[in-house]
Structure formats: structure tokens, C-alpha cells
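*Asks:* First the structure, then my questions, so here it is.
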Amino acid sequence: MFNNRFSLFSYCSLILVLFTVIGTVHAETLTLYSGRSKSLVEPIIKQFEETSGIQVEVSYGGTTQLAAAILTEGDKSPAALFWAQDAGALGAVSKKAMFDKLPESILTQVPSGFRDTEGFWIATSGRARVLAYSPERVKMEELPESIFDLTQPMWKGKVGWAPTNASFQAFVTSLRVQVGEERTEEWLRGMKANGVKKYAKNTPIIEALAAGEIDVGLPNHYYLLRFKSKDSDFPVEQTFFKGSDPGNLVNIAGIGLLKSTKNKEAALEFVEFLLSHKAQQYFTSDVFEYPAIEGVTPHASLIPLSELLQLAPTFNLNDMDDLDGTVKLLRNVEIL
Numbered sequence: 001m002f003n004n005r006f007s008l009f010s011y012c013s014l015i016l017v018l019f020t021v022i023g024t025v026h027a028e029t030l031t032l033y034s035g036r037s038k039s040l041v042e043p044i045i046k047q048f049e050e051t052s053g054i055q056v057e058v059s060y061g062g063t064t065q066l067a068a069a070i071l072t073e074g075d076k077s078p079a080a081l082f083w084a085q086d087a088g089a090l091g092a093v094s095k096k097a098m099f100d101k102l103p104e105s106i107l108t109q110v111p112s113g114f115r116d117t118e119g120f121w122i123a124t125s126g127r128a129r130v131l132a133y134s135p136e137r138v139k140m141e142e143l144p145e146s147i148f149d150l151t152q153p154m155w156k157g158k159v160g161w162a163p164t165n166a167s168f169q170a171f172v173t174s175l176r177v178q179v180g181e182e183r184t185e186e187w188l189r190g191m192k193a194n195g196v197k198k199y200a201k202n203t204p205i206i207e208a209l210a211a212g213e214i215d216v217g218l219p220n221h222y223y224l225l226r227f228k229s230k231d232s233d234f235p236v237e238q239t240f241f242k243g244s245d246p247g248n249l250v251n252i253a254g255i256g257l258l259k260s261t262k263n264k265e266a267a268l269e270f271v272e273f274l275l276s277h278k279a280q281q282y283f284t285s286d287v288f289e290y291p292a293i294e295g296v297t298p299h300a301s302l303i304p305l306s307e308l309l310q311l312a313p314t315f316n317l318n319d320m321d322d323l324d325g326t327v328k329l330l331r332n333v334e335i336l
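Here the sequence shown is numbered in the working numbering, starting from 1 and rising by one per residue.
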């Protein structure tokens, strides 16, 4: 009798342990490196955890720094996915053959311009570079037609940028590809000589415009929209340069699957979720970005994607993979 009871007890204990282990393994299925800020993406990550039962362990950091970490870690990286703030960082990792090709069923959900031509990364949302300005101090007709006009004397000490920010560095990478190394360096040095003011991020640029520190700034489009959503009278506006100007870069936030991961199934489930109607509606309704898939209603403050792409320069995002070259240039010009 004692042996039977002991066996039954042992059996039940073993089952309990097995369920605990299985649950723990499942809960630790996915490690994500996120160059997207916690305040922006944590809500949608929590939704994924609730609907999938998969727990996501997130390492937040600058997109450039995380890309460098992945390249350093190599096959030993704990990351299953790299969610980047821009195409340049994704290209840098892809260039080192560290991403696994995504399934065609995922790739075909977004337009061709919003994914890697070889299928190694995919956009989760779209974002545009804009010219933000103070309507109290600058008239519309006085605004520059090109980003290269900002080196003119009339803008001395009146422009703000965020050179350590990944989106700015991605823009400089695109500039290098579009107009060449020499002209890009000339513009950077011209901006520096013209007294451009440096900010840590895009948000402080918008705040500096409202405070009267600067007259124009170079952020991504959605930062001002966040302020406007809380205060429609916020004293800053934004616009684009003339059509096809390099300053009108349309970039993406996107994600790639690390080839070294042993959690491919869970990782792909997360990517699928980011492209779901629910997640895409969140990106445009709450984050004010452009949806990456069709059938999602863009935020009312955004111009239609078709109009945006007409303003954007003719440029292949796959060419934005020389992140190291951009950082080197910015250091040579003593901006970083």
C-alpha cells in the first residue's frame, strides 16, 4: 500500500514538474532586441503576450547600438528578432548574413518598397523625415525648398537636429547614397559652421521649437503629431521640402529574424502579429506612423501614403546598409 501511494505521489509530482517546465520554456520562448522605444511598442508587445501566451523578453536600446551588439555576438546572440528603427540598421545586419529569410506568406503582405529585396527583413510601419518649424517666427513662403538650403546665412543658429539618433543617422546614410560622400560631408560641415543646434532626440527638437530656441528642425513626422494630439494649438507645424528632395526620406521601422535562433516558430508568430490589422491600426492610430499593409485606415493627420511617396526621393532602402561608414563620417566631421 505504501509503495502504491508513494508511486502515485511521485507520478503526480512528476507531472506537475513537467507542466511547470513546459510552461516556463514556453514563457521564455522569445527574446527581442528593440531599437524602438519602450513607450511606443510595449503596449503592442503586451497584447501579443496576452493573445499568444508567449512571453517576450525585450532588450531596449538604440538601434545603432543593438545592431552593433548583434554583429559582435554573432551566432551566440540571445536575440531571436531585431526590431529596428530604420532600414539602415537592418541592412547592416543583413549584410553580414545574420538574418534568416522570411516566408513568402509574410513578405507578400507589404509593398515591395517596404521589404528587403532578398526577403531578410520586413517593414512594420512607415515614417517620414519632415521640416518642423515655428509658424510664429517663420512664414511658409520663407521655408527652404531643399535640405541643402539650411546652410544659408538666414538659418544661422536657427536649426535643430539629433545627430546621435538612429533616424538621423539613417537619413545621412541615404544622403551618402543619393548625392555622394563628398556632397554629404560638405552639407554636414556647412550645417555645423552655420551653428546648427544639437539635441539628444527628436522630441526635444519639437520642444525647442515651441520654446523659441530654434526656428526649424529635422525630426520624423510623428513626434509633432503626438504633441498635437494632446494640444491642437501646440505652436509648431511641419511640412516637406520640394518633391523628390533628399530631405523627404521615407524610411521604415522593420524587423528581421536572426538565423541563429532556436525559437523560429515563436518569432515568426510575433512578426505575423505585427502585420495584423490590430497591430497595424495601433501603429497609425496611437503612434501616428504609416501602416505597412493595405486595408488599415491611416490617422487623419497623415497625408495619404501615395502622396507621401510622390514627395519622397527615388531611393532603394536596401542601399542603406553602410551604417559604419555614416558613423565614421559623423565622427570625422566632429558631430558625434
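Virtual Cβ for every residue (Gly too), placed ideally from N, Cα, C.
(1) Tell me which same chain residues have a C-beta within less than 7 Å of the C-beta of glutamine 85, skipping the five on either side of it?
(2) Pull up the distance between the alpha-carbon of leucine 225 and that of glutamine 280, whole angstroms please.
(3) In terms of residue numbering, what span does the beta strand (DSSP E) encompassing asparagine 251 cover?
(4) Are isoleucine 205 and glycine 160 touching if we call contact CB-CB under 9 Å?
(5) Quickly, what does DSSP pair lysine 198 with across the bridge? List them, please.
(6) Taking only the alpha-carbon atoms, compute the straight-line gap between phenylalanine 19 and isoleucine 44 and give it to the nearest angstrom.
(7) Quick check: what's the CA-CA separation for glutamate 145 versus leucine 249?
(8) Would you kindly work out how many angstroms separate the C-alpha atoms of phenylalanine 240 and glycine 247, rounded to a whole number?
(9) Less than 8 Å between the CB atoms is what I'm expecting for tryptophan 83 and isoleucine 255, so what's the real figure, rounded?
(10) Pair every Cβ in the segment 87-97 with every Cβ in the segment 193-204, then say whether three or more of these pairs are closer than 8 Å.
(11) Distance, Cα to Cα, phenylalanine 315 vs glutamine 178?
(12) Measure the CB-CB distance between glutamate 207 and isoleucine 106 and report whether it falls below 9 Å.
(13) Would you tell me roughly how many angstroms separate the C-alpha atoms of leucine 209 and proline 235, rounded to the nearest one?
(14) Please determine if the segment 123-135 and the segment 213-220 are in contact, where contact requires at least 3 C-beta pairs separated by less than 8 Å.
(15) Can you name the start and end residues of the alpha helix (DSSP H) that valine 179 belongs to?
(16) Helix, strand or coil for tryptophan 83 per DSSP?
(17) What's the C-alpha gap between glutamine 65 and leucine 336?
(18) Whose C-beta lies closer than 6 Å to the C-beta of glycine 91 among residues of the same chain, with five residues either side of it excluded?
(19) In angstroms, rounded to a whole number, what distance separates the CA positions of threonine 31 and glycine 88?
(20) So, with DSSP's three-state summary, where would you put glycine 217?
(21) When the Cα atoms are used, what is the spatial distance from glycine 113 to isoleucine 122?
(22) Below 9 Å between beta carbons: does that hold for asparagine 194 and glutamine 152?
(23) By the DSSP assignment, the alpha helix (DSSP H) with threonine 124 in it spans what residues?
(24) I need the boundaries of the beta strand (DSSP E) containing glutamine 238, first residue and last residue.
(25) Candidates Ala266, Ala300 and Ala162: which alpha carbon is nearest lysine 197's?
(26) Should threonine 173 and threonine 326 be called a contact, given that it needs their Cβ atoms to be closer than 9 Å?
(27) Exposed or buried, which one is glutamate 334 when buried takes at least 16 other CB atoms within 10 Å?
(28) Just curious, the beta strand (DSSP E) that alanine 312 is in, first and last residue?
*Replies:* Reading from the atomic positions:
(1) Gly35, Arg36, Thr63, Ala166, Ser167 and Ala253
(2) 17 Å
(3) 250-258
(4) yes
(5) Trp161
(6) Note that phenylalanine 19 scores 42 on pLDDT, short of 50, meaning its location in the model is unreliable; the coordinates nonetheless yield the value given after this. Phenylalanine 19 and isoleucine 44: Cα-Cα distance of roughly 28 Å.
(7) 14 Å
(8) 8 Å
(9) 5 Å
(10) no
(11) 7 Å
(12) no
(13) 8 Å
(14) yes
(15) 166-179
(16) strand
(17) 14 Å
(18) Met320 and Asp321
(19) 22 Å
(20) strand
(21) 10 Å
(22) yes
(23) That residue, threonine 124, is in no alpha helix (DSSP H); its beta strand (DSSP E) goes 122-128.
(24) 237-239
(25) Ala162
(26) yes
(27) exposed
(28) Taken as a continuous stretch (DSSP letters only), alanine 312 belongs to no beta strand (DSSP E), as it is neither H nor E.
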